[in-house]
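Working notes for the structure below.
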């Protein structure tokens, strides 16, 4: 009898999950496509600064990059650079180009495919990161602006997002 109740419970839960998907998730995905989506390669090329965002910070399960100020560069040739600091600075594109040029021969590389970007570090054996990446197509609020990128790092064992970063292009 206990097995029968377990089976009934499983069937009810499956139907409930389908109901949730149909009523809440799918309409949200349709709505979200208007807000943002996968960036084009040309949209990520350039220099970026991480925007501190309490909502995302609260969702982070881990923080592999604990310094609060971070800068990034995506080059057309696939090179990727990043740096972080405990001190906020108003770095220009020229400042970042000069800093990143020192690291040229050890450059990590990235590959953008749809809403995923992979990053490989040549000087670290078997080092590979897979991030979800989305660009906002319009302003969401005072903290999230049109053109901002959000990247989410997933845990390898189950694919659940464990770290988010919001980035704004430096002009």
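Numbering (our numbering), first residue to last: 370 to 540.
From the three backbone atoms N, C-alpha and C, an ideal C-beta is built for every residue, glycine too.
Burial state of residue i (16 or more Cβ within 10 Å)
i: residue 408; result: buried
i: residue 481; result: buried
i: residue 449; result: buried
i: residue 469; result: buried
i: residue 500; result: buried
i: residue 457; result: exposed
i: residue 405; result: buried
i: residue 502; result: buried
Nearest residue (CA-CA) to residue i, options the options
i: residue 523; options: 417, 404, 432, 436; result: 432
i: residue 538; options: 441, 435, 427; result: 441
i: residue 520; options: 505, 509, 511, 512; result: 505
i: residue 415; options: 444, 529, 509, 461; result: 444
i: residue 475; options: 489, 485, 462; result: 489
Rounded straight-line distance, which links the Cα of residue j to that of residue i
i: residue 454; j: residue 418; result: 11 Å
i: residue 465; j: residue 526; result: 35 Å
i: residue 491; j: residue 437; result: 25 Å
i: residue 424; j: residue 478; result: 29 Å
i: residue 608; j: residue 426; result: One cannot answer for residue 608 here, as it falls past the ends of the chain, which runs 370 to 540.
Cβ-Cβ distance between residue i and residue j below 8 Å
i: residue 507; j: residue 494; result: no
Next item on the list: Scan the segment 400 to 467 and note each continuous alpha helix (DSSP H) run of 4 residues or more that stays entirely inside, going in chain order.
Entry: 410 to 413, 423 to 428
Next item on the list: Mind listing, in chain order, the continuous beta strand (DSSP E) runs of no fewer than 3 residues lying wholly within the segment 480 to 519?
Entry: 485 to 489, 497 to 505
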